[in-house]
Amino acid sequence: MNEFVIEKRNLFRAIGELSYVIAKSDGNISKIEKLVFEEALKEELGTEGWLAKDRFDMLASQGMKAGLQETYLRVLFMFKQNKIGLNNELIEKFINILEKVAGVSGITDEEIEIIEKFKTDVSIIL
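Mind the numbering: the sequence shown is residues 6 to 131 in the numbering used here, read in order.
Shown next, in the form of structure tokens:
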């Protein structure tokens, strides 16, 4: 990314939030889930993944209680509001991050459903 514009920053924060609730959906966030998330960020977003990590860490420290569906809708709204920063390559990277985080403790039907819905909904936004 040559220009790290505000829209991309917002998208990165949103994917950090969605990753957090996916990791949290089975109860608690394990150290391995956090580690996998951080590694996925490095692989997919490089040094620019710090915004997603920052959002994830902030929510973890606050003990965010929002549910998966509620957070999904908020994240989707953020994607719609910031679609100028979105492209197919970034969507693919975000999906890879979500799949890696969801797969740590064994992916649940709810997590699969959210990720598949995300794929569909984000492609419509773009």
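C-beta: ideal position from N, C-alpha, C; glycine also. Computed from a predicted model, the values in this text were never measured in an experiment.
query                                                                                                           : result
Rounded distance between the beta-carbons of K98 and E49, thought under 8 Å                                     : 4 Å
Cβ contact check for the region 83-92 and the region 109-117: 3 or more pairs under 8 Å                         : no
Rounded separation between G21 and K36 - CA only                                                                : 16 Å
Which of helix, strand or coil DSSP assigns to L131                                                             : coil
Close-in-space but distant-in-sequence residues of the same chain around A19 (CB under 7 Å, 5 per side omitted) : V80, M83 and F84
Simplified DSSP assignment, three categories, for I1                                                            : Missing from the structure shown is residue 1; the chain here goes from 6 to 131 and no further.
Counted within 10 angstroms of its Cβ, other Cβ atoms place K122 as buried (16 or more) or exposed              : exposed
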